[in-house]
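K.L.:
Just passing along the structure, written as structure tokens.
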Amino acid sequence: MFTGIVQGLGEVTQIDDRDGIRRLQVRLPSGRDQGLETGASVAINGVCLTVVGWNQQGVQFDVIDETLRLTNLGALDIGHLVNVERAARFGDEIGGHVLSGHIHGQATVTEVVETDANLAVWWHVPEGLRKYVLPKGYVSLNGCSLTVGETERDGQFSIHLIPETRELTTFGRVAVGDSLNLEIDSQTQAIVDTVERVLDQRL
């Protein structure tokens, strides 16, 4: 389980493709590798990955074809920066909202509007997921717990970011055309699906 409160930026230090599996090595933010064990869960750009090893250059994760296809991890290269969050522990503060680290699809950045203190990012959602993205509802983009701002009928939505989020995450470098890993809120999904099922039964 994750909270969507990104703990810092990691750097991809090695990529090794073999037999349908990509071994991804990431140098975690300072101090975030303390107490790490094989089998631990770490969210990389919002994707729940399992630690398989580590060395002085970083922590290693194995990423299968399906994950590479569904997420933006397949587009990473050495030197790229990623959002990092260690798995939540019992008693931790839930500053964002509860996340599983299981990505539903990718959203594409369509516009970036920057002012002195604020950043608004417009993004396009795949048609099958739009019904779960509601104004003032929660989503996770690249592992960040965010509140949805405005919505448009063509499947575009906005989020507004404070300077702290821009500094600690990859959103400080986001650009039009970028693909963001999207995890919809599980409670919103359950409510929408339940209402649809009830209405279908009444027809």
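For the sequence shown, position 170 matches number 170 in the working numbering, and the numbering has no gaps at all.
Beta carbons: idealized from backbone N, C-alpha and C, even for Gly.
Over the uninterrupted beta strand (DSSP E) stretch that includes Asp16, give me the two end residues.
P.N.:
8 to 18 is the extent of the beta strand (DSSP E) around Asp16.
K.L.:
Where does Thr194 fall in DSSP's three states?
P.N.:
Looking at Thr194 - three-state DSSP - the assignment turns out to be helix.
K.L.:
For Val125, which of Thr169, Lys136, Asn181 has the nearest alpha-carbon?
P.N.:
Here the closest residue by C-alpha is Asn181.
K.L.:
Please report how far the alpha carbon of Gly143 lies from the alpha carbon of Leu9, in whole angstroms.
P.N.:
When rounded, the distance between both Cα atoms is 11 angstroms.
K.L.:
So, using beta-carbon positions, are Trp123 and Val109 closer together than 7 angstroms?
P.N.:
Yes, the Cβ-Cβ distance between Trp123 and Val109 is below 7 angstroms.
K.L.:
Using only alpha-carbon positions, find the residue among Gln25, Glu111, Thr165 that is nearest to Ile78.
P.N.:
Checked all of Gln25, Glu111, Thr165; the closest Cα to Ile78 is Gln25.
K.L.:
On a Cα-Cα basis, can you pick out the residue from Val195, Leu49, Asp154, Thr169 that is closest to Gly39?
P.N.:
Considering only alpha carbons, the answer is Leu49.
K.L.:
State the start and end residues of the unbroken alpha helix (DSSP H) segment that holds Glu66.
P.N.:
From DSSP, the alpha helix (DSSP H) with Glu66 extends over 65 to 70.
K.L.:
Determine the closest residue to Leu119 out of Val84, Arg173, Ala75, with distance taken between C-alpha atoms.
P.N.:
Ranking Val84, Arg173, Ala75 by Cα distance to Leu119 puts Arg173 first.
K.L.:
Would you list, in sequence order, the uninterrupted alpha helix (DSSP H) runs of no fewer than 4 residues that lie entirely inside the segment 43 to 127?
P.N.:
As far as the segment 43 to 127 is concerned, its whole alpha helix (DSSP H) runs of at least 4 residues are 65 to 70.
K.L.:
Do Arg23 and Asp62 count as a contact pair if the criterion is CB distance below 7 angstroms?
P.N.:
It is a contact, given that the beta carbons lie within the stated cut-off.
K.L.:
Kindly give me the distance between the Cβ atoms of His97 and Asp185, rounded to whole angstroms, as I take these residues to be in contact under 8 angstroms.
P.N.:
With 8 angstroms as the limit, His97 and Asp185 qualify as a contact, their Cβ atoms being about 6 angstroms apart.
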